[in-house]
Structures are given as C-alpha cells and as structure tokens.
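Take the sequence shown: its letter number 192 is residue 716 in the numbering used here, and every next letter is one higher. Ideal Cβ positions, reconstructed from N, Cα and C, are used throughout, including at glycine.
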Amino acid sequence: MVSSLTVRDILERPYFQGSTVHASDKALSRTVEWVHILEVTHVGHLLNGNELILTTGLIWKDDEELGISFLQQVMVCNASGLCIELGRVVSHLPEAMIQLAAQSDFPLILIHHNIRYIDITRDIHSWIINQQRKKVTELEELSTRFNELLLTANGLSPLLVLYHQATHKPVAYVPLEGKPLFLPPMSDREQRHIIQNVTATQEPSHRFASKSIIVLQHTLGELISWSDEPLDSYDILALDRCAAAVAQELMRTFYWEERQMYKQNQWVHDWLNGLYEEREIKQYVWSLKPAYSSGLQSVIVFELNRDLIHSPDFERMYLHKNMMARALFEQEGFYLIPTLLNQQLVYILLDLQKRKEIHSGLARAVSRLRQADNQYLPLFSLLFGAGQPVNELSSIKKSLNSALDTISMQKEIGPLPMPFYNQLHLYRVIFNLRKSDQLLDNLIEDYIGPVAGLDRERREPLLCTLKMYLMLNGAKRETAKALYISRQSLYSRLDKISELLGDDFMSPEKRFCVELAVYAHEYLKMMQNR
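This is the structure we're talking about:
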C-alpha cells in the first residue's frame, strides 16, 4: 500500500541534508500533500492544509513579533511544517518561535546552505504526483478485488477483511438494526466506545471516518474506520470502495430474499382467501419476522401498469419495487409481505409498534413510495386502495376486500386523494347502496329531490348551501363565511330549503338521510363526469 508522505519522508530528500530540525516524533509524522512558498504577513486563505511552507523570512526578518504571528498563522491553517533558509535573509531563528512550534508539535526545518526553492518544489511535487498515481492504481486494483469478492456471495465479512488488509486500519459495519460487525473483533464495551466516538466526535485530525450504506434511498447503517493517527486519503477512498461493495452485497441479499418470497405466493394467496386459522398464520409470520407481536394489520392493493405486466422485465421491476417498499414501510414501523393477486400488487402490512391508529404512518409510506415510483419507470397505475385495518391475522381477507372495494369505487368516480377505506365513511355506504337498482336514485329523490332539481336547472345554488350547512353542523355564521355570502343571503337560502324539504330536515333521523342523499348525488355526478 502506498502511504502518505510525511515530514520525516521529506527530510530524506537530498535538498534537506545537513539541515537542523526542531521536531518531535509526532511532528515528523505530519502528512505533506503539497509544497508552498510564502513571503506574506497575512496568510489568510492562501493555504488548504497539509502544505510544507518554504520561506526566507524576508517579511519578518527584523521583527520577532511579526515572525511569531506568521508562524501562528501557518499553524492555524494546519500546515505540515515550516522550512526556513538561514544566511541569505535571516541569520538565526528567535527562540520564542522555536518554543512555540515545540509546544504545538509543529516541525521547523532550518536549511544552512543556499538552495533554490523552485528545485525543492519540483522535486517534492514530482514525488507527490507519482505517489498519487500509485494510489490510483492501487485503488483500481482494490475495486477489482471487491468486485471479485461480490461474485463469491460470501457475505460482508470478506469485504471488511479486504479493507483491513489493504489499509491496516480497523473497520466496522454498524447496521441500524442488528449487531455490528467489527474487524478485528472487539469486546462489546470497546464496540460501544468506538461507535459513540464516531457519532459524537468531529475531530479536525480526522481519526474517524464513516460512510452511510444506502440501498434504494434507505440508509441501512454506517461503515466506519478509525486510527490513532489521522486517516490518509487512501484510507478514505478505500472506505468509499468498501461501502459501495457492502451496499451491493446487501442489495443482492435483499433481492434473493424477495425472490424467495415471490416463490411462496401460493401460501399467501391461501391466507388472503381465509384458508388458515390464526395459529397457523402466526407461525408463518414468526418464521419471517420473529419480533412480530399481535397488532393492527392492513392490506394495500396497487393497480399495476397493464403495459408492463407481460413485459420480460416485469419480475425484475416487481422485486425492485418490493425492496423499495419494504425499506419505506419499515421506516414507518411496518413489516411488509408482498404478493401478486389477479394482476394486482397486494401488500400485507403488519404494525410492529402496537399503535392504536396506523393510517398516518401508512399514508406517509405510500406517498413516498409513489413519488419514488414516478421517478423511474412507473410500475403502479393511478389507482390504489388501502383496506380496513383488522386486529386478527385471520381477518386479513376483510381488509383485502375493503381495499378492492376502494379501487372499484375509484373506477366509478375517479382517483381519490386519500383512498383509505376507513376514511371514506359515507362513500362506503353509497358504494354498497349502488349495488341495488334504483336504491340511490330513490334515496336522492325522496330526501333532496326538489333541491337537486333546482341545482340541475342552475336556478339557485341551494345544494352546495345545504352541503356546507350540514358539514358545519347548522352553524349559520360559519356557513355564510365559508360560502362567502352575507348572513341575510344564507337565511334566504335556508328558508327556501326548508320550504322544499320540510322544516324538520335538520332533525336527527331525517338529517342523516338528507346528508347521505347529498353525498349520493355528488357520487353519481362524479360518475357521470368520468
């Protein structure tokens, strides 16, 4: 492995023979990434860090304070060291500068013979560039070896072993769930100490490095490396290669697991058809997710893009969407069991957090899933339906049927913004009433017929007034405000509605039927506009 150049390495070059060096072992271990000549009083932003500074001392030769200020500035900029030619401009170095450098483990190099700085920079820059070329070659070879290991499908451990062998640095994969994998192995106490340092420490010496492992836009964990000495650029780049290999290995594992579940579709189909008892289903679920405990569960059904169902690439797309969906639903605390049923994608979602309400978590996950689907070749159509949550695993068929009803409802009236069965309320009643011939028409005619007739003739906006009045529980002031009309205009409309429907239209028994008729009229109107 090509190591980074240090001040100790630089001092072995011919130009520095016979020099006086004021530096501790720690100072000599500083990394040198470039050489820079400075003859200014204010360093400012001229340095990026890790530069060996060459100077004649011209700007501070007669001013000790100015020399100390210059030294302080280059140290603050994290320079690698300061090299000063004595004799031509400066005859000696003030003791205060030597002491200041020693206190900060900063190397001072005093050259006693005449030398051209252009020769030093050319020599060291050529050396650095050659070292960088060797690093690039080594990184390419390392990437090839990572790819070869991925083809063996032997898991994560060989990937971490290869990084450790290539850099001689410890490494660990810390997943969000499950036990971390450390190389070399460490005690639990040492592991916790390292993880805490990586997550809590932002050290300028860069003794820790971490790379997020992201698969299908979902962070699965962190790959970390550390050292008593600062990690060099090769260590960081090698960690990048290792992180990419770890992500690919996890992706391959997930793909294999999804493929295995894809082959088990028949068992899930029988479950959805109500062929198993609660005990049998729990045994199956525990075989997939041992941490599962009883809670709410729901089914979400997605209509698939018909053009892609018979595509030769369908299976790959299907497994890819399932992996993406699994990651998104897991973030919201759900375990996903996917299957294909009658050319529809069915997701059984088990709540792992024992919540009393799961609608908000499902809605967030579905929204993110559909956004991600639209970014690539869309597998889903515009329609999906979320079924009624149920408490028993054996009742999942009820949730499936309500999800299918939600999709059928949208096929009649168009896509709904929130097609969750337990949020549809009166639409559910109307959908079922519509299955009986003339039942909805008779309901509308009996309870709001005269008002609906005027609405069709566009003579008076009574129907929208009635709906808003019912929605606001008969609050006149709020109704007038919502309709942007005066209180007097509202009173006039309400008088007309009472005349057409009867003064008792807001009585508890009649009001329910009136409100149901209003929504039924709206439902049929949406069907006509399809």
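Beta-carbon separation of residue i and residue j under 7 Å?
i	j	result
methionine 710	valine 739	no
leucine 606	isoleucine 639	no
alanine 910	isoleucine 1021	no
leucine 1017	leucine 986	Per the sequence shown, the amino acid found at residue 1017 is arginine instead of leucine. The answer is yes: Cβ separation under 7 Å.
phenylalanine 1029	valine 1038	yes
leucine 634	isoleucine 592	no
leucine 1014	threonine 1003	yes
alanine 767	lysine 735	yes
isoleucine 937	alanine 1044	no
threonine 580	valine 556	no
leucine 869	phenylalanine 826	yes
leucine 562	valine 531	no
glycine 798	lysine 921	yes
alanine 1006	methionine 992	yes
glutamine 715	proline 704	yes
leucine 595	methionine 621	yes
tyrosine 800	valine 809	no
serine 885	glutamate 854	In the sequence on display, residue 885 carries glycine and not serine. Not closer than 7 Å, so no.
serine 757	alanine 733	no
serine 548	aspartate 629	yes
asparagine 789	threonine 676	no
leucine 950	leucine 1040	yes
leucine 832	alanine 849	no
alanine 851	histidine 717	no
threonine 930	proline 943	yes
leucine 686	glutamate 802	no
Compute the beta-carbon to beta-carbon distance between residue i and residue j, rounded to the nearest angstrom, for a pair I have assumed lies under 8 Å.
i	j	result
leucine 907	tyrosine 842	About 18 Å; that fails the 8 Å criterion.
proline 519	valine 545	Here the chain covers residues 525 to 1054 and nothing more, so residue 519 does not appear.
histidine 692	serine 543	That belief does not hold up - the Cβ atoms of histidine 692 and serine 543 are roughly 31 Å apart, past 8 Å.
leucine 744	proline 699	6 Å
histidine 793	leucine 865	6 Å
alanine 762	leucine 663	7 Å
alanine 696	isoleucine 737	That belief does not hold up - the Cβ atoms of alanine 696 and isoleucine 737 are roughly 12 Å apart, past 8 Å.
valine 559	glutamate 575	7 Å
glutamine 821	proline 913	7 Å
isoleucine 972	leucine 1048	Rounded, the Cβ-Cβ distance is 12 Å, inconsistent with contact.
histidine 616	leucine 610	7 Å
isoleucine 653	leucine 529	Contact doesn't hold; Cβ gap of about 11 Å is too wide.
Taking the alpha helix (DSSP H) that residue i belongs to, which residues open and close that run?
i	result
aspartate 1028	Where aspartate 1028 is concerned, there is no enclosing alpha helix (DSSP H), given that its DSSP letter is neither H nor E.
alanine 551	549-552
phenylalanine 1036	1032-1052
tyrosine 993	986-995
arginine 1001	1000-1007
Give a yes or no on whether 7 Å exceeds the smallest Cβ distance from residue i to chain D.
i	result
glycine 938	In the structure shown, chain D does not exist; there is a single protein chain.
If you follow the beta strand (DSSP E) that residue i is in, where does it begin and where does it stop?
i	result
isoleucine 577	575-579
glutamine 821	821-828
threonine 544	544-546
serine 811	Per DSSP, serine 811 belongs to no beta strand (DSSP E); it is in the alpha helix (DSSP H), 802-812.
alanine 910	904-910
valine 531	Premise fails: valine 531 lies in the alpha helix (DSSP H), 531-534, not in any beta strand (DSSP E).
valine 792	That residue, valine 792, is in no beta strand (DSSP E); its alpha helix (DSSP H) goes 789-796.
histidine 560	558-561
For the ligand FMN, is there any heavy atom lying closer than 6 Å to the beta carbon of residue i?
i	result
tyrosine 687	Annotation note on the ligand FMN: not contained in the displayed structure, which lists no ligands.
Can you find at least 3 beta carbon pairs, one from the segment 920-928 and one from the segment 879-890, that sit closer than 8 Å? The segment 920-928 is not in contact with the segment 879-890.
Hey, which unbroken runs of the alpha helix (DSSP H) at 4 residues or more fall wholly within the segment 673-758? 681-691 and 712-724
Any 3 or more C-beta pairs closer than 8 Å across the segment 642-651 and the segment 662-674: no
Runs of alpha helix (DSSP H) lying entirely within the segment 598-647, each at least 4 residues, in chain order: Listed in chain order, the complete alpha helix (DSSP H) runs (minimum 4 residues) inside the segment 598-647 are 619-627.
Pick out the complete alpha helix (DSSP H) segments inside the segment 835-887, 4 residues or longer, and give them in chain order. Complete alpha helix (DSSP H) runs here, min 4: 838-855.
Return the chain-ordered ranges of every alpha helix (DSSP H) run that is complete within the segment 935-970 and spans a minimum of 4 residues. Assignment of alpha helix (DSSP H) within the segment 935-970, counting only whole runs of 4 or more residues, yields 950-957 in chain order.
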